[in-house]
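Below is one structure, written out as structure tokens; the observations come after it.
Protein chains: 2
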Amino acid sequence: MPENDHYPTMQRILDSAERLFAEKGYSRTSLRAITSDAGVNLAAVNYHFGSKEELVRQVFQRKMAPLNRIRSDNIEQVLEQARGMGRRPAVKDLLRAFIDPTFELALETPEGRSFIKLIIRSIADTDGTLSRNFIESAIPVLTVLHEAMCRALPTHEPRDVLFRLVTGMSTMGSMLMRLSSDTTLPLFDEQGIKDFRQWATNKGKLIDFIAAGMEAE
Amino acid sequence: MPENDHYPTMQRILDSAERLFAEKGYSRTSLRAITSDAGVNLAAVNYHFGSKEELVRQVFQRKMAPLNRIRSDNIEQVLEQARGMGRRPAVKDLLRAFIDPTFELALETPEGRSFIKLIIRSIADTDGTLSRNFIESAIPVLTVLHEAMCRALPTHEPRDVLFRLVTGMSTMGSMLMRLSSDTTLPLFDEQGIKDFRQWATNKGKLIDFIAAGMEAE
DNA sequence: GTCTATACGATGATAGAC
DNA sequence: GTCTATCATCGTATAGAC
Numbered sequence: 473m474p475e476n477d478h479y480p481t482m483q484r485i486l487d488s489a490e491r492l493f494a495e496k497g498y499s500r501t502s503l504r505a506i507t508s509d510a511g512v513n514l515a516a517v518n519y520h521f522g523s524k525e526e527l528v529r530q531v532f533q534r535k536m537a538p539l540n541r542i543r544s545d546n547i548e549q550v551l552e553q554a555r556g557m558g559r560r561p562a563v564k565d566l567l568r569a570f571i572d573p574t575f576e577l578a579l580e581t582p583e584g585r586s587f588i589k590l591i592i593r594s595i596a597d598t599d600g601t602l603s604r605n606f607i608e609s610a611i612p613v614l615t616v617l618h619e620a621m622c623r624a625l626p627t628h629e630p631r632d633v634l635f636r637l638v639t640g641m642s643t644m645g646s647m648l649m650r651l652s653s654d655t656t657l658p659l660f661d662e663q664g665i666k667d668f669r670q671w672a673t674n675k676g677k678l679i680d681f682i683a684a685g686m687e688a689e
Numbered sequence: 473m474p475e476n477d478h479y480p481t482m483q484r485i486l487d488s489a490e491r492l493f494a495e496k497g498y499s500r501t502s503l504r505a506i507t508s509d510a511g512v513n514l515a516a517v518n519y520h521f522g523s524k525e526e527l528v529r530q531v532f533q534r535k536m537a538p539l540n541r542i543r544s545d546n547i548e549q550v551l552e553q554a555r556g557m558g559r560r561p562a563v564k565d566l567l568r569a570f571i572d573p574t575f576e577l578a579l580e581t582p583e584g585r586s587f588i589k590l591i592i593r594s595i596a597d598t599d600g601t602l603s604r605n606f607i608e609s610a611i612p613v614l615t616v617l618h619e620a621m622c623r624a625l626p627t628h629e630p631r632d633v634l635f636r637l638v639t640g641m642s643t644m645g646s647m648l649m650r651l652s653s654d655t656t657l658p659l660f661d662e663q664g665i666k667d668f669r670q671w672a673t674n675k676g677k678l679i680d681f682i683a684a685g686m687e688a689e
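Going down the list, the protein sequences come from chains A and B. Letter by letter, the first sequence follows residues 473 to 689 of the numbering used here. Letter by letter, the second sequence follows residues 473 to 689 of the numbering used here.
Here's what the structure looks like:
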């Protein structure tokens with residue numbers, strides 16, 4: 473990835489780590505594999521990042537922060553448009569505001585797909601370290617989305633909206649995991665559901681599913 | 473756990489491994505911790521199981537198989553009852569047939585909760601090894617549930633029912649993860665949603681959410 | 001400030017004696 | 001089946017060169 477030797481060490485480590493973590497998983501990727509891929513010394517990781525856990529945290533934050541900013545902006549836009557028309561915001565519009573940026577990232581480039589895999593691994597992390605990062609980074613935009621959803625569903629209790637919202641976001645996360653996973657669910661693959669060209673269709677179905685759950689009762 | 477020295481080595485290892493994996497996670501639990509807890513020699517793990525991954529696979533299968541059998545039986549019972557009344561099976565009844573055994577296990581005993589955590593870690597596994605086990609073990613009961621759901625939703629295409637079904641089961645899995653996770657989502661905890669005494673309420677909300685998604689449109 | 005060479009303790013795995 | 005001894009590899013830490 474680095475074009476020349478002047479490309480900063482930190483960036484080289486972050487780039488290699490992002491790709492390798494996404495490809496092989498966190499615990500299966502050794503710091504030695506990362507530093508040799510990046511063409512830097514092993515000790516550079518601990519000098520620049522302190523630990524492997526802090527490294528993956530920064531890999532994660534580097535791309536998650538802009539993604540969450542886009543999400544917040546999108547939600548704000550939906551709210552403004554609704555205000556302008558004197559209506560309540562629509563549940564599906566709010567869901568799309570949150571979900572679209574992730575799917576766009578997943579569809580645009582191989583690097584995007586690679587990072588999506590890392591996000592998903594973070595959500596689902598076995599040992600808790602990564603998932604804490606994910607949750608921390610998502611709380612601000614989840615708060616914004618919660619407020620917006622309460623306006624979209626004024627007859628539901630805020631506390632209930634929150635439960636449904638987290639349920640819906642969990643659904644999105646684990647379906648992204650299923651769809652992008654290397655582990656094949658035969659029931660899925662037989663029907664070509666995981667094909668990248670079908671992601672747009674799947675996104676629509678996913679939003680329909682979650683919206684129905686949000687609005688139920 | 474072992475009452476005397478005649479308790480077989482394999483069982484002792486499985487018992488200790490199940491508890492420790494659930495408590496601390498897979499990669500954070502060393503074979504040395506397991507064997508010393510079980511009172512057996514380190515090399516016994518590799519003799520009896522071949523590897524750490526195969527050990528966790530067998531820990532998982534030991535309790536997952538009976539759980540899936542109960543699920544299949546419950547689904548069959550719902551179908552029979554519906555046949556007897558000349559009706560279509562209800563979506564919520566089928567969902568409960570699948571979900572109830574898991575929640576019961578989670579509520580009954582500390583060991584049950586401990587195993588639920590292991591299941592959840594398996595679903596969400598970062599490196600793919602565990603999640604493959606989970607998917608493989610769930611395919612038969614998912615096939616049964618899919619057939620049943622097609623009868624409950626005769627106007628939906630089977631392919632679409634499958635997508636929704638996997639979506640719903642993913643929702644259940646990741647919400648179980650959230651609810652039983654040690655990693656606290658502040659938005660959640662503030663409202664005491666994760667309290668064990670509230671699991672019954674949460675289960676009801678979860679089924680409502682998934683049923684709405686299954687039946688939508 | 002950056003980077004390198006090198007070493008330390010712990011881990012999963014294995015070979016061979018009993 | 002069980003045990004001891006040993007291995008390569010891991011994340012981490014540090015002393016010192018540029």
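Every residue gets a Cβ at the ideal spot worked out from N, C-alpha and C, and that includes glycine.
Given a cut-off of 8 Å, decide if residue j and residue i are closer than it, judged by their beta-carbon atoms.
i              : j              : result
M621 (chain A) : V633 (chain A) : yes
P538 (chain B) : L551 (chain B) : no
S586 (chain A) : R491 (chain A) : yes
V531 (chain B) : L486 (chain B) : yes
P573 (chain B) : I542 (chain B) : yes
I693 (chain A) : K675 (chain A) : With chain A represented from 473 up to 689, any question about residue 693 (chain A) goes unanswered, as that position is not in the structure.
Between the C-alpha atoms of residue i and residue j, what's the straight-line distance to the nearest angstrom?
i              : j              : result
R484 (chain B) : A510 (chain B) : 5 Å
I679 (chain A) : T507 (chain A) : 40 Å
I611 (chain A) : F635 (chain A) : 14 Å
Q553 (chain B) : Q670 (chain B) : 30 Å
Y479 (chain A) : K496 (chain A) : 25 Å
T673 (chain B) : K535 (chain B) : 25 Å
R555 (chain A) : L625 (chain A) : 15 Å
Q533 (chain A) : E526 (chain A) : 10 Å
F606 (chain A) : R650 (chain A) : 18 Å
A516 (chain A) : D565 (chain A) : 45 Å
S652 (chain A) : L514 (chain A) : 31 Å
G558 (chain B) : D667 (chain A) : 40 Å
T627 (chain A) : P630 (chain B) : 34 Å
V512 (chain B) : F493 (chain B) : 17 Å
F575 (chain A) : K524 (chain A) : 28 Å
Since I believe residue j is in contact with residue i (beta carbons under 8 Å), could you give me their beta-carbon distance rounded to a whole number of angstroms?
i              : j              : result
E687 (chain A) : V563 (chain A) : 6 Å
T643 (chain B) : T643 (chain A) : 4 Å
G685 (chain B) : A684 (chain A) : 5 Å
N540 (chain A) : V613 (chain A) : 5 Å
S499 (chain A) : S499 (chain B) : 5 Å
Please list, in chain order, all residues of the same chain as residue i whose beta carbon is under 7 Å from its beta carbon, the five residues on each side excluded.
i              : result
G584 (chain B) : L577 and A578
P658 (chain B) : none
I682 (chain B) : L567, G640, T643 and M644
R623 (chain B) : R560 and P561
E580 (chain B) : none
Beta-carbon within less than 6 Å of residue i's beta-carbon, same chain only, minus the 5 sequence neighbours each way: which residues are those?
i              : result
S488 (chain A) : I506, D509 and A510
By Cβ distance below 8 Å, which residues in the same chain neighbour residue i in space, the five residues on each side in sequence not counted?
i              : result
S609 (chain A) : F532, Q533, M536, A537 and N540
Is residue i near the ligand GDP - that is, is its Cβ less than 7 Å away from at least one heavy atom of it?
i              : result
M482 (chain B) : Looking at this structure, you won't find the ligand GDP or any other ligand, since it has none at all.
- Query: Between the segment 547–556 of chain B and the segment 610–629 of chain B, do three or more beta carbon pairs fall short of 8 Å?
  - Reply: yes
- Can we say the segment 583–593 of chain B touches the segment 510–527 of chain B, given the rule of at least three CB pairs closer than 8 Å? Taking 8 Å as the limit for Cβ pairs, the verdict is that the segment 510–527 of chain B does not touch the segment 583–593 of chain B.
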